[in-house]
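Peer 1: Let me begin by handing over the structure; questions about it come next.
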């Protein structure tokens, strides 16, 4: 289903299954929604699927805030002093 989801995005039909495309549904979820459309809306499965092994798909984020949080780095500094 992930490959179906990628094909949906490549062919420009993402809006058919993900009206709020900015929320970042995963390719698996997009593929699942496409499969539901096949059964309920009469859409067709993609006849040829290409596995693109060159790069991993971009991660999906639910919101811009979540995307920004992913880019932030958080460090915790701990110092210990052992007196003898």
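Residue numbers (my numbering): 10 to 93. Glycine included, each C-beta is placed from N, C-alpha and C at the ideal position.
Within the continuous alpha helix (DSSP H) that includes residue 54, where are the two ends?
Peer 2: As a working note, residue 54 is residue 45 in the chain shown. Residue 54 -> no alpha helix (DSSP H), and no H or E assigned at all.
Peer 1: Under a three-way DSSP split, which group does residue 87 fall into?
Peer 2: Within the chain shown, residue 87 is the residue found at index 78, counting from 1. Residue state, collapsed to three classes: coil.
Peer 1: Does the Cβ-Cβ distance between residue 23 and residue 39 come in under 8 Å?
Peer 2: Indexing the chain shown from 1 puts residue 23 at position 14. Indexing the chain shown from 1 puts residue 39 at position 30. Cβ atoms of residue 23 and residue 39: closer than 8 Å.
Peer 1: How many angstroms separate the CA atom of residue 92 from the CA atom of residue 78?
Peer 2: To locate residue 92, count along the chain shown from 1; it is residue 83. To locate residue 78, count along the chain shown from 1; it is residue 69. Cα to Cα, the separation comes out at about 39 Å.
Peer 1: At a cut of 8 Å, does the region 48-57 reach the region 79-90 through at least three beta carbon pairs?
Peer 2: A contact between stretches requires three or more CB pairs, one per stretch, nearer than 8 Å, and the region 48-57 fails this requirement with the region 79-90.
Peer 1: Around the Cβ of residue 17, are there at least 16 other Cβ atoms within 10 angstroms (buried) or fewer (exposed)?
Peer 2: As a position in the chain shown, residue 17 is number 8, starting the count at 1. By the neighbour-count rule (16 or more Cβ atoms within 10 Å), residue 17 is buried.
Peer 1: Among residues of its own chain, excluding the 5 on either side of residue 26, which ones have a beta-carbon nearer than 7 Å to its beta-carbon?
Peer 2: Here the question's residue 26 lines up with position 17 in the chain shown. Within the same chain, residue 26 has close Cβ partners 17, 39, 42, 43, 46.
Peer 1: For residue 36, which residues of its own chain have a beta-carbon under 6 Å away from its beta-carbon, when the five flanking residues on both sides are left out?
Peer 2: By 1-based counting over the chain shown, the position of residue 36 is 27. Here residue 36 has 11, 14, 15, 66 as same chain residues with Cβ atoms under 6 Å from its own Cβ, once five neighbours each way along the sequence are excluded.
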